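Report on one structure; see the data block that follows.
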């Protein structure tokens, strides 16, 4: 069972690690400390001299000269309409923190965000931006922008992917378990699969398993979106990934399969355990065919189920064949 445990531990570590690497929150928030009086002046106050070169600057200047925003108070009230939060907690202290940082990116677990989250969810049904008043002045507000697609935002990557380092650690742990869990070396005269070839097949299988498991996580905006699409694209790709997991299980079965001759019989080892077959219990043998070609023997036993001895992919099979030479001559 150790061969199966090695591969399942590797696959579990890689899958969980990839999930953590690509995990991103439902939303992040850009918080700015604003003064509506300053913003009004920046947007609508006359500017001396010529407009800056460029289409964008020219368009802004055109709107500035041809728009009547009304008073600064009317401008502020229009911005706040249906987007005003009721203060919950120390808004002034939060304003100072944001102002000192020149604006902040915050996650949903930030205490100040949590205090206002229910209100922001209600406003988000129509607006992505909400405003929290302070008592500093009638014009000082916190502007909170709800970024519903964190991966497309300019938020710091450690905020967008908070568990990335832990994910890489899980991937490394899974691979390390595969490498350090003890593997029994073949005994003298024991038929076995090529361990180097199996290791190469394991490497290919885990690479494609990880890549295909990762693909829907990369395409989706959040883990919730991935799970919501289990009946669609996510399920399709993960079903393909499961085929490579099955390949790892088949490799484990092949690695555990050994055939060892003893003084009066053979010992067949598999994932589920060992079975000793004394030679005197073999009543007859038939050729075991794979694609029409002889690949081994089917050993029929007296009072027991037959044993299929497929030696086509085994190394060091001659000692076992010699133990069965009389049946090979008679049956295949």
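Residue numbers (the numbering used here): -9 to 322. Cβ atoms here follow ideal geometry from the backbone N, Cα and C, with glycine treated the same way. None of the values given here were measured: they were computed from a predicted structure.
Within 8 angstroms, strictly: CB atoms of residue 122 and residue 172
no
Going along the chain, which residues of its own chain have a beta-carbon closer than 7 angstroms to the beta-carbon of residue 14, five neighbours each way excluded?
140, 141, 150, 151 and 212
Which same chain residues, not among the five before or five after residue 5, have their C-beta less than 6 angstroms away from its C-beta?
203
Could you give the distance in angstroms between the alpha-carbon of residue 304 and the alpha-carbon of residue 182?
5 angstroms
Any idea which residues DSSP pairs residue 130 with across the strands?
25
So residue 208 is in the alpha helix (DSSP H); what residue range does that whole segment cover?
185 to 209
Residue interval of the beta strand (DSSP E) (run including residue 274)
272 to 280
Here's the rule: buried if 16 or more other CB atoms are within 10 angstroms of the residue's CB, otherwise exposed. What is residue 267?
buried
CB of residue 103 within 8 angstroms of CB of residue 19, strictly
yes
Straight-line CA distance for residue 307 to residue 210?
50 angstroms
Taking three-plus beta-carbon pairs below 8 angstroms as touching, is the segment 97 to 116 in contact with the segment 61 to 69?
no
Anticipated Cβ contact below 8 angstroms, residue 11 with residue 96, distance rounded:
Contact doesn't hold; Cβ gap of about 22 angstroms is too wide.
Beta-carbon spacing of residue 247, residue 180 below 8 angstroms
no
With 16 other Cβ atoms within 10 Å as the buried cut-off, status of residue 99:
exposed
Beta-carbon contacts of residue -1 that lie in its chain and below 8 angstroms, excluding the five residues immediately before and after
164, 167, 168 and 171
Less than 7 angstroms between C-beta atoms, sequence neighbours within five positions excluded: which residues of the same chain meet that for residue 27?
62 and 129
Is the Cβ-Cβ distance between residue 158 and residue 7 less than 8 angstroms?
yes
Cα-Cα separation, residue 294 to residue 275:
14 angstroms
Closest by CA to residue 133, which one among 120, 278 and 196?
120
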